[in-house]
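Participant:
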């Protein structure tokens with residue numbers, strides 16, 4: 036610290052207010068969560084202790100292979116499946132939207148306008164964007180009306196809303212932007228002459244896409260994937276609302292435990308969730324250097 | 435080459451249009467449905483056209499006190515916006531040079547974006563709970579009357595709620611600052627310094643006007659992300675709920691288009707803020723020439 040003060044006293048100090056927020060509202064809370072996950076509790080208070088029961092309870096029956104798969108593993112499995120399907124669709128859609136914006140829209144102004152068009156919904160309410168599917172997918176919704184009137188179905192389709200389908204649909208609706216932005220950013224950095232060169236050497240559109248553009252977009256794809264996967268991993272709101280409060284998720288377990296004031300148990304679940312999330316990110320960031328991408 | 439208007443081009447245009455329809459279509463339907471007559475339900479067809487459900491919302495008949503939740507959300511949004519701009523711009527300036535702890539701070543910034551929101555919300559709630567216990571202990575140990583009689587909780591919208599939201603908005607602000615300074619031409623600043631300007635004057639007269647349009651962007655992120663924030667706020671708002679929290683509760687209890695009317699109103703607020711920001715951005719860019 037002293038060495039730094041001598042070097043550049045005024046500029047670096049400007050980061051102090053920002054740092055204080057992160058110390059007090061990020062570092063401390065996460066550290067406390069870790070500590071309290073080893074505490075004991077009863078109906079109305081949490082008791083300082085050092086026990087592993089909160090963790091043991093989470094994995095209760097999980098190593099008993101004669102029984103069915105335990106609740107914890109089942110919940111994580113279901114969350115991983117949501118992660119994977121959402122990741123797949125956001126990647127495909129996000130990639131092609133970014134591809135269109137970066138390579139087919141020629142004027143910068145139009146690029147900005149269309150990019151904003153994709154971004155604006157991100158600045159509006161997520162809950163509203165979720166419930167806006169109800170008039171479309173509900174029992175008497177537009178989709179069912181259409182299916183019934185065209186004879187494609189003879190009864191209203193119940194799986195459209197409050198189901199795994201509607202959850203994934205809402206995730207894709209809400210979070211494709213997380214893919215578009217970093218992939219678009221990567222694409223804009225691609226030197227157009229590289230593509231010219233590939234073209235001049237006889238590569239067709241598909242070969243250029245696969246051998247030139249996709250490899251150069253890898254950092255964007257990784258960053259987008261990290262965002263999408265982590266946001267789905269910890270979700271409890273989208274799964275709650277779009278799943279009709281019937282489908283479990285880790286976030287939801289934490290939420291429910293908190294409402295019953297089982298705080299150390301919630302903390303233990305949070306620690307495991309965080310550890311898993313960090314593990315996934317760690318594996319993915321092995322592939323790139325985020326800071327270079329900004 | 436790629437930008438030739440061939441078949442692929444039209445496929446891409448079609449695909450993009452579909453995507454935009456997917457993004458805006460559902461919101462459009464609820465705006466439409468919120469203008470139904472008094473007999474309207476949650477789905478099509480439209481039963482007449484009226485502003486009945488907006489009046490219903492205004493009267494607050496069927497729902498909780500939306501007016502005050504709305505006011506709280508706006509106030510909190512403005513505070514978060516101001517703090518996000520101030521803190522991320524100053525941190526952004528600091529980050530132009532390496533400083534003690536800069537790597538850790540950068541790591542925390544990125545980590546804050548990807549840490550599951552429920553985990554952070556839980557952590558902040560735990561911290562303030564311990565703070566409450568500590569305050570009560572202080573009150574009883576040192577016999578501080580004020581605490582013993584009036585103290586209830588440190589948890590609240592402008593303490594834990596504000597902090598939890600800042601961990602979500604500040605990273606966006608700082609990342610925007612990074613993007614700005616990565617493309618920043620330092621020669622203007624150097625010129626100012628060579629002509630004898632103080633660091634503050636250089637910032638005020640040279641750097642600030644250049645980054646002002648981007649600051650509008652940071653303000654936009656600060657306000658809208660706070661105004662719609664739900665996951666991080668869920669455990670830390672204390673007694674008074676913000677609008678998104680009320681909305682989430684309403685999704686399970688309200689079965690009339692009044693919820694669509696509310697949706698239309700909040701979406702209108704968001705769109706107004708976005709529109710004003712974009713107008714300011716363009717104005718500032720033009721002014722600069």
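Chains as they are written, first to last, in our numbering: chain A, 36 to 329; chain B, 435 to 723. Even glycine gets a Cβ: it sits at the ideal position worked out from N, Cα and C.
Where does residue 282 of chain A sit, in a helix, a strand or coil, going by DSSP?
Facilitator: For the purposes of this step, residue 282 of chain A is taken as the residue at position 247 of the first chain. In the structure shown, residue 282 of chain A sits in coil (DSSP, three-state: anything other than H, G, I, E or B).
Participant: What distance in whole Å lies between the Cβ atoms of residue 697 of chain B and residue 163 of chain A, which are believed to be in contact at a cut-off of 8 Å?
Facilitator: Counting from 1 along the first chain, the entry for residue 163 of chain A is found at position 128. Counting from 1 along the second chain, the entry for residue 697 of chain B is found at position 263. Confirmed, Cβ separation roughly 4 Å.
Participant: Which residues in chain A have a C-beta closer than 7 Å to the C-beta of residue 662 of chain B? List them in chain order.
Facilitator: In the second chain, residue 662 of chain B corresponds to position 228, counting from 1. The answer, in chain order, is 159, 160 and 161.
Participant: List, in chain order, every chain B residue whose beta-carbon is nearer than 8 Å to that of residue 90 of chain A.
Facilitator: The count along the first chain starts at 1 and reaches residue 90 of chain A at position 55. Chain B residues near residue 90 of chain A: none, gap ~16 Å exceeds 8 Å.
Participant: So who's on the other strand from residue 470 of chain B, going by DSSP bridges?
Facilitator: Position 36 of the second chain, counted from the first residue, corresponds to residue 470 of chain B. BP columns for residue 470 of chain B point to B:483.
Participant: Between which two residues does the alpha helix (DSSP H) holding residue 524 of chain B run?
Facilitator: Counted from its first residue, the second chain places residue 524 of chain B at position 90. Residue 524 of chain B -> alpha helix (DSSP H) spans 500-528.
Participant: Measuring straight from C-alpha to C-alpha, what distance separates residue 717 of chain B and residue 62 of chain A?
Facilitator: Along the second chain, one-based indexing puts residue 717 of chain B at 283. Along the first chain, one-based indexing puts residue 62 of chain A at 27. Roughly 39 Å separates the two Cα atoms.
Participant: Identify whether residue 225 of chain A lies in helix, strand or coil by the three-state DSSP scheme.
Facilitator: Position 190 of the first chain, counted from the start, is the residue given in the question as residue 225 of chain A. It is coil, neither helix nor strand.
Participant: Just grab the DSSP bridge partners of residue 76 of chain A for me.
Facilitator: As a working note, residue 76 of chain A is residue 41 in the first chain. Beta-bridge pairing links residue 76 of chain A to A:81.
Participant: Using a 10 Å radius around the Cβ and a threshold of 16 neighbouring Cβ atoms, would you call residue 77 of chain A buried or exposed?
Facilitator: Counting from 1 along the first chain, the entry for residue 77 of chain A is found at position 42. Result: exposed.
Participant: Is the beta carbon of residue 473 of chain B less than 9 Å from the beta carbon of residue 459 of chain B?
Facilitator: Indexing the second chain from 1 puts residue 473 of chain B at position 39. Indexing the second chain from 1 puts residue 459 of chain B at position 25. Going by C-beta atoms, residue 473 of chain B is not nearer than 9 Å to residue 459 of chain B.
Participant: I'd like to know if residue 669 of chain B contacts chain A, where contact means its C-beta is closer than 9 Å to some C-beta of that chain.
Facilitator: Here residue 669 of chain B is taken as the residue at index 235 of the second chain, counted from 1. Answer yes: the Cβ-Cβ gap between residue 669 of chain B and chain A drops below 9 Å somewhere.
Participant: What's the call for residue 179 of chain A, buried or exposed, on a 16-neighbour Cβ count within 10 Å?
Facilitator: The sequence position of residue 179 of chain A within the first chain is 144, counting from 1. Residue 179 of chain A should be labelled buried.
Participant: Tell me whether residue 653 of chain B sits in a helix, a strand or coil according to DSSP, three-state version.
Facilitator: For the purposes of this step, residue 653 of chain B is taken as residue 219 along the second chain, with counting starting at 1. In the structure shown, residue 653 of chain B sits in a helix (DSSP, three-state: H, G or I).
Participant: Starting from residue 628 of chain B, trace the alpha helix (DSSP H) both ways and give me its first and last residue.
Facilitator: Locating residue 628 of chain B in the second chain gives position 194, counting from the first residue. That run of the alpha helix (DSSP H) goes 621-628.
Participant: For the 8 Å Cβ check, are there 3 or more pairs between the stretch 669-684 of chain B and the stretch 501-509 of chain B?
Facilitator: With a cut-off of 8 Å, the stretch 501-509 of chain B and the stretch 669-684 of chain B count as touching, because enough Cβ pairs lie within range.
Participant: Can you tell me whether residue 511 of chain B is buried or exposed, with buried defined as 16 or more other CB within 10 angstroms of its CB?
Facilitator: Position 77 of the second chain, counting from 1, holds the residue named residue 511 of chain B. Label assigned to residue 511 of chain B: buried.
Participant: Please classify residue 714 of chain B: does DSSP put it in a helix, a strand, or coil?
Facilitator: Translated into positions along the second chain, residue 714 of chain B becomes position 280. It is helical.
Participant: Between residue 174 of chain A and the rest of its own chain, which residues show a CB-CB distance below 8 Å, the 5 nearest in sequence each way excluded?
Facilitator: The sequence position of residue 174 of chain A within the first chain is 139, counting from 1. Closer than 8 Å at the Cβ level, and outside the excluded window around residue 174 of chain A, lie 191, 193 and 196.
Participant: If we ignore side chains and look at the alpha-carbon of each, how far apart do residue 233 of chain A and residue 147 of chain A end up?
Facilitator: Looking up residue 233 of chain A in the first chain gives position 198. Looking up residue 147 of chain A in the first chain gives position 112. One C-alpha to the other measures close to 27 Å.
Participant: Measuring straight from C-alpha to C-alpha, what distance separates residue 139 of chain A and residue 623 of chain B?
Facilitator: Here the question's residue 139 of chain A lines up with position 104 in the first chain. Here the question's residue 623 of chain B lines up with position 189 in the second chain. The straight-line gap from Cα to Cα measures roughly 37 Å.
Participant: Would you kindly work out how many angstroms separate the C-alpha atoms of residue 309 of chain A and residue 540 of chain B, rounded to a whole number?
Facilitator: On the first chain, residue 309 of chain A is found 274 positions in, with the first residue counted as 1. On the second chain, residue 540 of chain B is found 106 positions in, with the first residue counted as 1. Taking the straight line joining both Cα atoms gives about 19 Å.
Participant: Along the chain, which unbroken stretches of the beta strand (DSSP E) at least 3 residues long are found entirely within the stretch 154-215 of chain A?
Facilitator: Entirely contained in the stretch 154-215 of chain A, not one beta strand (DSSP E) run reaches 3 residues.
Participant: Name the chain B residues whose beta carbon is nearer than 7 Å to that of residue 268 of chain A?
Facilitator: For the purposes of this step, residue 268 of chain A is identified with residue 233 of the first chain, where counting begins at 1. Ordered by position in chain B, the residues that pass the 7 Å Cβ test against residue 268 of chain A are 550.
Participant: Quick check on the DSSP output: what are the complete alpha helix (DSSP H) runs of length 4 or more inside the stretch 547-606 of chain B, in order along the chain?
Facilitator: Taking only runs of at least 4 residues, the alpha helix (DSSP H) segments lying wholly in the stretch 547-606 of chain B are 551-575 and 579-584.
Participant: Residue 601 of chain B and residue 56 of chain A - do their beta-carbons sit closer together than 9 Å?
Facilitator: Within the first chain, the letter at position 21 stands for residue 56 of chain A. Within the second chain, the letter at position 167 stands for residue 601 of chain B. A contact, by the Cβ cut-off of 9 Å.
Participant: Let me make sure I understand the geometry here. Which of A:231, A:240, A:288 and A:184 has the alpha-carbon closest to that of residue 109 of chain A?
Facilitator: For the purposes of this step, residue 109 of chain A is identified with residue 74 of the first chain, where counting begins at 1. Cα-wise, what sits closest to residue 109 of chain A is A:288.
Participant: What in chain A is Cβ-close to residue 557 of chain B, meaning under 7 Å?
Facilitator: Here residue 557 of chain B corresponds to residue number 123 of the second chain, with the count starting at 1. In chain order: 64, 65, 67 and 68.
Participant: Counting Cβ pairs, one atom from each stretch, are 3 or more of them under 8 Å apart for the stretch 640-656 of chain B and the stretch 568-577 of chain B?
Facilitator: Short answer: they don't touch.
Participant: What's the C-alpha gap between residue 440 of chain B and residue 240 of chain A?
Facilitator: Here residue 440 of chain B refers to the residue found at position 6 when the second chain is read from its first residue. Here residue 240 of chain A refers to the residue found at position 205 when the first chain is read from its first residue. About 11 Å.
Participant: In three-state DSSP terms, what is residue 617 of chain B?
Facilitator: The residue labelled residue 617 of chain B in the question sits at position 183 within the second chain. Correct three-state label for residue 617 of chain B: coil.
Participant: Determine the extent of the alpha helix (DSSP H) in which residue 66 of chain A is found, giving its start and end residues.
Facilitator: In the first chain, counting from the first residue as 1, residue 66 of chain A sits at position 31. It spans 63-71 - the alpha helix (DSSP H) in which residue 66 of chain A sits, taken as one unbroken run.
Participant: Return no unless some Cβ of chain B is closer than 9 Å to the Cβ of residue 165 of chain A.
Facilitator: Taking the first chain and counting its residues from 1, the one referred to as residue 165 of chain A is at position 130. By this cut-off, residue 165 of chain A is an interface position.
Participant: Nearest chain B C-beta to residue 188 of chain A closer than 9 Å, yes or no?
Facilitator: For the purposes of this step, residue 188 of chain A is taken as residue 153 along the first chain, with counting starting at 1. Not one chain B Cβ lies under 9 Å of residue 188 of chain A.
Participant: Are the CB atoms of residue 159 of chain A and residue 658 of chain B within a distance shorter than 9 Å?
Facilitator: Locating residue 658 of chain B in the second chain gives position 224, counting from the first residue. Locating residue 159 of chain A in the first chain gives position 124, counting from the first residue. Cβ atoms of residue 658 of chain B and residue 159 of chain A: closer than 9 Å.
Participant: Please check if any C-beta of chain B sits within less than 9 Å of the C-beta of residue 175 of chain A.
Facilitator: Along the first chain, one-based indexing puts residue 175 of chain A at 140. Taking Cβ atoms only, chain B reaches closer than 9 Å to residue 175 of chain A, which makes this a yes.
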